[in-house]
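Participant:
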Amino acid sequence: MGNLKPLVIGELVVPKPIIQGGMGVGISLSSLAGSVAKAGGMGIISTAQIGFREPDFADHSLEANLRAIGKEFKKARDISPEGVIGFNIMVATKSYALYVKEAVKAGADIIISGAGLPASLPAYLAEAAAEMGAAGEKVKTKIAPIVSSVKSAMVILKMWDRKFHRVPDMVVVEGPLAGGHLGFSRESLETLGVDTADVEHTYDQAAYDEEVRGIIRLVGEYAEKYQTEIPVVTAGGIYSHEDVMHQMELGADGVQVATRFVTTEECDAPDEFKQAYLNTSKENIVITKSPVGMPGRAINNAFLSGVGQTPFKLEHCYQCLEKCDKKTIPYCITKALVNSAEGNTDEGLVFCGSNAFRAERIETVDEVMRDLMGE
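Numbering of the sequence shown is given in my numbering, commencing with residue 88 and proceeding in unit increments.
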């Protein structure tokens with residue numbers, strides 16, 4: 088296992104410093120998260136439209152999603168009674184506070200939050216703690232913001248320090264090679280010198296490595312101020328043991344890996360979704376504009392090629408994202424992601440990381456964990 092030490096977050100100990108990244112809609116649910124936790128990593132369930140299989144999802148999306156949070160967590164906990172299991176909750180989610188509170192009440196070990204800066208996350212955690220405290224229950228949930236630059240890390244650390252007199256329990260740094268919605272605007276990618284039409288040749292690994300070192304230094308200053316340890320975990324484009332070791336050499340305490348876990352037997356995605364990864368090529372992975380304006384990385388397919396070719400009329404709103412303008416969106420992102428999660432990938436959005444083309448076969452979670460650890 089080389090120099091890979093357990094990831095320690097307060098009293099939480101993750102034996103293998105591998106976090107499985109949250110993937111919505113329906114890609115990282117109880118089966119994947121529970122299996123990764125059982126294998127010694129940290130399993131993460133995505134709350135993005137988590138209740139899409141609930142019978143009342145179309146008419147009562149919020150209620151269906153909140154109900155599914157507890158159900159999925161319980162199923163994951165049944166798979167791994169002792170492992171570390173948490174949730175990824177997007178700040179951009181409509182009714183974000185309710186999702187946070189529901190995850191805390193379900194018993195989440197940790198909440199990882201990005202797609203926007205989780206400025207009020209500590210307040211929602213405190214509210215959940217107060218509600219549970221009245222019932223005699225104790226909150227153990229840790230909170231971790233996702234940042235993508237020294238600037239965004241500074242904003243969140245300063246704000247939590249000033250407003251809540253606390254620091255994050257862990258910080259996740261997500262780079263430009265990540266999958267799904269990226270923590271960068273097109274403009275900030277360009278500032279880093281990344282051309283969204285040609286990421287492969289314009290992404291400067293050395294420059295971003297320096298950004299990561301800067302974030303680690305900054306987090307260290309706040310850890311010192313609060314006389315505590317704040318582990319920093321890096322994410323985006325991590326696929327092999329060599330990738331893991333590179334991040335550790337930068338000073339990371341752990342890594343977050345998502346794409347590599349999609350092509351596992353235990354992943355909650357349907358076979359058609361996994362097959363899309365196995366079939367894709369490097370050239371077929373593109374950065375597309377999501378209906379909410381954020382860039383996102385996905386596999387170019389019949390659906391993406393057809394976007395904008397015909398006028399789009401929204402038939403039903405699933406109340407998913409806070410900043411969705413129903414009048415101007417080119418497609419409904421919930422419908423596109425649910426289609427893929429149900430196996431209809433030709434009519435759906437298939438989010439992926441930059442290394443999806445490297446998948447050659449369906450593996451088990453144990454195999455992936457062993458490979459990442461260099462065992």
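Glycine residues also receive a C-beta, built at the ideal position from the N, C-alpha and C atoms.
When you compare each of Y211, V171, S115 and M129 to V187 by their alpha carbons, which one comes out closest?
Facilitator: Numbered from its first residue, the sequence shown carries residue 187 at position 100. For V187, the nearest C-alpha among the options comes from Y211.
Participant: With respect to 7 Å, is the separation between the Cβ of V331 and the closest non-hydrogen atom of the ligand HEM below this value?
Facilitator: For the structure depicted, the ligand HEM is absent and the ligand set is empty, with no information on it obtainable.
Participant: Under 8 Å by Cβ, that's how I've got T134 and I176 pegged, so tell me the actual separation to the nearest angstrom.
Facilitator: Your numbering for residue 134 matches position 47 in the sequence shown. Your numbering for residue 176 matches position 89 in the sequence shown. So it is a contact: roughly 5 Å between Cβ atoms.
Participant: Out of N387, P255 and G220, point me to the one whose CA is closest to P205's CA.
Facilitator: Counting from 1 along the sequence shown, the entry for residue 205 is found at position 118. Nearest C-alpha to P205: P255.
Participant: How far does the beta strand (DSSP E) with V344 in it extend, from its first residue to its last?
Facilitator: One-based indexing of the sequence shown puts residue 344 at position 257. Here the beta strand (DSSP E) through V344 covers G341 to V344.
Participant: In three-state terms, what does DSSP make of M88?
Facilitator: For the purposes of this step, residue 88 is identified with residue 1 of the sequence shown, where counting begins at 1. Only weak support is given to the placement of M88: the predicted model assigns it a pLDDT of 45, under 50, and the question is left unresolved by the model.
Participant: List the DSSP bridge partners of F174.
Facilitator: Taking the sequence shown and counting its residues from 1, the one referred to as residue 174 is at position 87. Answer by DSSP bridge pairing, in chain order: I132 and I198.
Participant: If we require 4 or more residues per run, which alpha helix (DSSP H) segments fall completely within the region 288-369?
Facilitator: Listed in chain order, the complete alpha helix (DSSP H) runs (minimum 4 residues) inside the region 288-369 are 292-312, 328-337, 346-349 and 358-366.
Participant: Find out if the Cβ-Cβ distance for the pair T451, E352 is shorter than 8 Å.
Facilitator: Walking along the sequence shown from the start, residue 451 turns up at place 364. Walking along the sequence shown from the start, residue 352 turns up at place 265. Contact: yes.
Participant: Would you say the region 362-379 touches the region 137-150, given that touching needs at least three Cβ pairs under 8 Å?
Facilitator: No: fewer than three Cβ pairs fall under 8 Å.
Participant: Please state the DSSP three-state secondary structure of L459.
Facilitator: By one-based count along the sequence shown, residue 459 stands at place 372. L459 falls in the helix class under three-state DSSP.
Participant: Helix, strand or coil: how does DSSP classify E450 here?
Facilitator: Looking up residue 450 in the sequence shown gives position 363. Here E450 sits in strand by DSSP.
Participant: Please identify the residue among K92, D340 and I386 whose C-alpha is closest to the C-alpha of V260.
Facilitator: Your numbering for residue 260 matches position 173 in the sequence shown. Out of K92, D340 and I386, D340 has the C-alpha closest to the C-alpha of V260.
Participant: Skipping 5 residues on each side, what residues in its chain have a beta carbon closer than 8 Å to that of V349?
Facilitator: By one-based count along the sequence shown, residue 349 stands at place 262. Taken in chain order, the residues that qualify are M110, I114, A356, F360, K361, Y364, C439, A443 and A446.
Participant: Nearest to I230 by alpha carbon, out of V237, S236 and A216?
Facilitator: Counting from 1 along the sequence shown, the entry for residue 230 is found at position 143. Closest by alpha carbon: A216.
Participant: Going by alpha carbons, who is nearest to Y309 out of A322, V320, S327 and M246?
Facilitator: Along the sequence shown, one-based indexing puts residue 309 at 222. Answer by Cα proximity: M246.
Participant: Can you tell which of D330, V425 and E434 has its C-alpha closest to the C-alpha of Y405?
Facilitator: Residue mapping note: residue 405 aligns to position 318 of the sequence shown, counting from 1. Of the listed residues, the one whose Cα sits closest to Y405 is V425.
Participant: Kindly indicate which three-state DSSP category I243 falls into: helix, strand or coil?
Facilitator: Taking the sequence shown and counting its residues from 1, one reaches residue 243 at position 156. I243: helix per DSSP, three-state reduction.
Participant: Helix, strand or coil, according to DSSP, for F144 in the structure here?
Facilitator: Your numbering for residue 144 matches position 57 in the sequence shown. DSSP places F144 in coil when its eight states are reduced to three.
Participant: Kindly give me the distance between the Cβ atoms of D433 and A389, rounded to whole angstroms, as I take these residues to be in contact under 8 Å.
Facilitator: Taking the sequence shown and counting its residues from 1, one reaches residue 433 at position 346. Taking the sequence shown and counting its residues from 1, one reaches residue 389 at position 302. With a Cβ gap of about 5 Å, D433 and A389 count as contacting.
Participant: Using DSSP bridges, identify the partner residues of V258.
Facilitator: Taking the sequence shown and counting its residues from 1, one reaches residue 258 at position 171. V319, per the DSSP bridge assignment.
Participant: In terms of residue numbering, what span does the beta strand (DSSP E) encompassing V191 cover?
Facilitator: Taking the first residue of the sequence shown as 1, we reach residue 191 at position 104. Taken as a continuous stretch (DSSP letters only), V191 belongs to no beta strand (DSSP E), being part of the alpha helix (DSSP H) at Y183 to A193.
Participant: Identify the residues that DSSP records as bridge partners of G157: which are they?
Facilitator: As a first step, residue 157 is located in the sequence shown; it is residue number 70 there, counting from the start. DSSP, once it has assigned bridges, lists no residue as partnering G157.
Participant: List in chain order: all unbroken alpha helix (DSSP H) runs of 4+ residues lying wholly within the region 379-436.
Facilitator: Listed in chain order, the complete alpha helix (DSSP H) runs (minimum 4 residues) inside the region 379-436 are 389-393 and 420-428.
Participant: Exposed or buried, which one is V100 when buried takes at least 16 other CB atoms within 10 Å?
Facilitator: Taking the sequence shown and counting its residues from 1, one reaches residue 100 at position 13. The residue in question, V100, is exposed, as its Cβ has fewer than 16 Cβ neighbours within 10 Å.
Participant: Measure the CB-CB distance between G338 and P263 and report whether it falls below 8 Å.
Facilitator: Position 251 of the sequence shown, counted from the start, is the residue given in the question as residue 338. Position 176 of the sequence shown, counted from the start, is the residue given in the question as residue 263. It is not a contact, given that the beta carbons lie outside the stated cut-off.
Participant: Kindly identify the DSSP beta-bridge partner or partners of A231.
Facilitator: Counted from its first residue, the sequence shown places residue 231 at position 144. A231 pairs with I199.
Participant: What residue from L149, A151 and A124 has the CA that sits closest to A195's CA?
Facilitator: For this step, residue 195 is matched to residue 108 along the sequence shown. The candidate whose alpha carbon is nearest that of A195 is A124.
Participant: Between the alpha carbons of M456 and V299, how many angstroms are there, rounded?
Facilitator: Counting from one through the sequence shown, the residue named residue 456 turns up at place 369. Counting from one through the sequence shown, the residue named residue 299 turns up at place 212. Cα-Cα distance, rounded: 24 Å.
Participant: Leaving out five residues on either side along the sequence, give the residues of the same chain with a beta carbon under 8 Å from the beta carbon of L91.
Facilitator: As a first step, residue 91 is located in the sequence shown; it is residue number 4 there, counting from the start. The residues are K103, P104, V331, M335, M460 and G461.
Participant: State the DSSP-derived secondary structure class of L99, mapped to helix, strand or coil.
Facilitator: Reading the sequence shown from its first residue, position 12 is the one you call residue 99. In the structure shown, L99 sits in a strand (DSSP, three-state: E or B).
Participant: For E159, count the other beta carbons within 10 Å of its own beta carbon; 16 or more makes it buried, fewer makes it exposed. Which is it?
Facilitator: The count along the sequence shown starts at 1 and reaches residue 159 at position 72. Buried: at least 16 other Cβ atoms inside 10 Å.
Participant: Taking just the CA atoms, how far does A120 sit from D453?
Facilitator: In the sequence shown, counting from the first residue as 1, residue 453 sits at position 366. In the sequence shown, counting from the first residue as 1, residue 120 sits at position 33. C-alpha separation (whole angstroms): 12 Å.
Participant: Assuming A345 and G127 are in contact, meaning their beta carbons sit under 8 Å apart, how far apart are those beta carbons, in whole angstroms?
Facilitator: Taking the first residue of the sequence shown as position 1, residue 345 is located at position 258. Taking the first residue of the sequence shown as position 1, residue 127 is located at position 40. A345 to G127, Cβ: 17 Å. No contact.
Participant: Comparing alpha-carbon positions, which option in A428, C407 and K422 lies nearest A179?
Facilitator: As a working note, residue 179 is residue 92 in the sequence shown. Among A428, C407 and K422, the Cα nearest to that of A179 is on C407.
Participant: Between the beta-carbon of M241 and the beta-carbon of L305, is there less than 8 Å?
Facilitator: In the sequence shown, the residue the question calls residue 241 occupies position 154. In the sequence shown, the residue the question calls residue 305 occupies position 218. Yes; because the gap between Cβ atoms is below 8 Å, this pair is in contact.
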